[in-house]
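20 is the number of the first residue of the sequence shown in the numbering used here; add one for each residue after it.
Note that beta-carbon positions come from the ideal geometry of N, C-alpha and C, so glycine has one too.
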Amino acid sequence: MRRLLAAAAALLLVSGAAGSAAAAAPGGRPLSAAASVQVPAGVTAGAAVFDRQTGTFTEQLNTSARFRSASVVKLLLALDFLWDRGPDYTVPAADRALLEPMLRSSDDDAASHYWEVNGGSAIITRMVRNLGLTDTNPPPVGYEGYWGYVSLSARDTVKIYRYLLDTAPAPVRDFVMGNLRQSTRCAADHFDQHFGIAGAFEKPWAVKQGWSGSYEKGTCGTGGAASASRSAAQAPAPAPADDVNLSLPALHSTGTVGAGDRYIVAVFTLHPAGTSYGKAYTDIGRLTRSLNLPGAARPAGWWYGTWSDHVNVRRDPSTQNAPMTQLPAGVEVLVGCQKRGQKVDVPPYSNDWWAYLPQYGGWISNIYISSPDNRLPDVKDC
């Protein structure tokens, strides 16, 4: 009964979403192009897509709205460190050991180090002046030590990437963007950070993500769970400052998509109190898939909801080997194909069908996919 109820709820959720299994043609592409950004119910969003090839925006939604940055501010920490270093500057090994995981795996300890040694809020003041940002502010009074409370907007984020791609010295561009292209699925705090851009589009892409809130523990990878909230980035929330909400669960996806970094994409979202990480992950994914990026490659497959906590992703369709990682609870996943494998029992149910998840490079039992049948009706066999 639990599985049937979960499946029914998830199928209702999936059937109403753009880019979902129910609304997608074979290959996972929408049956018709999205007329505008599709924001899931209850989500507050700001989004922008800038086409560097045409010099125009293809999407603009609440572009000046300010959101607490969470880890997106790490772009500014890196740029501040690299500012005016000269064309022949080589990043010392000790700093590479901090900057690379900060940009690739969103390491909070590295961000806290640069925040402390380079002046805290003064970093933001410098970057606002140097980059001509209009909506970016330091953390509010009394919370100067919390870099995750820096406020950013979608349009300012586009400016940051335009500087990186079009104006920054080549060594700066190559260092920062090169690390963003190597974004790890599992962040340093064991949260799965390949939501938004990383799930909605095929490579090449480069991403810097952000998340903040009292989410359940991160379970990505095999190193165990991390704390429920990003303590280095978030203190007990004060009252909103300058209309910036500092308490609701946040999930942001920023970066570039396409050959030559054609598209700059910035998506900022807030979710209702108590939203799970898997639900927020699913909602920002649906929003990002609805964005208009003409010609950008989208992954082939079928989007399906999942149910249960700590669903293991396996290297083959069996439980014999240790899991590669675990899914965020209840997250929507892209299914590439399916095949029969080891039978899995979750009484009173049994299922020997397994789904291949191309974005994870692994398998989950169909028993955890929100579908009434053991074999997914519209998914091809592997």
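| query | result |
| --- | --- |
| Please classify Lys399 as buried or exposed, where buried requires at least 16 neighbouring CB atoms within 10 angstroms. | exposed |
| What does Asp262 pair with, by DSSP beta-bridge criteria? | Answer is none; Asp262 lacks a bridge partner. |
| The beta strand (DSSP E) with Ala66 in it runs from where to where? | Thr63 to Asp70 |
| Is Leu150 near Lys178, with beta carbons less than 8 Å apart? | yes |
| Could you check where the beta strand (DSSP E) with Asp364 kicks off and where it finishes? | Cys356 to Val365 |
| For Leu80, which option in Ala141, Gly105, Lys93 and Val58 has the closest C-alpha, if you only look at C-alpha atoms? | Val58 |
| Between the segment 141-156 and the segment 66-80, can you find at least three pairs of beta-carbon atoms closer than 8 Å? | no |
| In angstroms with no decimal places, state the Cα-to-Cα distance between Ala41 and Gly161. | No answer about Ala41 holds up, because its pLDDT of 32 lies below 50 and its placement is not dependable. |
| Out of curiosity, what's the CA-to-CA distance linking Arg334 and Trp382? | 6 Å |
| Leaving out five residues on either side along the sequence, give the residues of the same chain with a beta carbon under 7 Å from the beta carbon of Cys356. | Tyr375, Val398, Lys399, Asp400 and Cys401 |
| Taking Cβ positions, are Ser140 and Ser88 nearer each other than 8 Å? | no |
| Just to confirm, are Val226 and Ser272 a CB contact at a threshold of 8 Å? | yes |
| Of all the alpha helix (DSSP H) runs that stay within the bounds of the segment 72-139, which reach a length of 4 or more residues? | 93-101, 112-123 and 127-136 |
| Can you name, in chain order, every residue of its own chain whose Cβ lies under 7 Å from the Cβ of Glu235, other than the five neighbours on each side? | Ala247, Ser295, Tyr296 and Ala348 |
| Check whether the Cβ atoms of Val363 and Gln345 lie closer than 8 Å to each other. | no |
| Could you check what DSSP says for Phe194 in three-state terms: helix, strand or coil? | helix |
| Could you check what DSSP says for Thr155 in three-state terms: helix, strand or coil? | coil |
| Could you tell me how far apart the beta carbons of Thr275 and Trp224 are, in whole angstroms, since I believe they sit closer than 8 Å? | 6 Å |
| Can you check whether the CB of Val62 is closer than 8 Å to the CB of Asp302? | yes |
| CA-CA distance, Glu78 and Phe287? | 13 Å |
| So for Ala206, helix, strand or coil by DSSP? | coil |
| Helix, strand or coil for Leu199, going by three-state DSSP, please let me know. | helix |
| Ignore the nearest five residues each way along the sequence and tell me which others in Tyr300's own chain have a CB closer than 6 Å to its CB. | Phe214, Pro347 and Val350 |
| Use the C-beta contact count for Ala251: other C-beta atoms within 10 angstroms, 16 or more gives buried, fewer gives exposed. | No answer about Ala251 holds up, because its pLDDT of 40 lies below 50 and its placement is not dependable. |
| Can you tell me which of Val284, Ala285, Gly232 and Gly197 puts its alpha carbon nearest to the alpha carbon of Leu267? | Gly232 |
| Give the straight-line distance between the Cα atoms of Asp128 and Phe100, rounded to the nearest whole angstrom. | 16 Å |
| Would you check if the segment 102-111 and the segment 204-222 touch, i.e. whether three or more CB-CB distances between them fall below 8 Å? | no |
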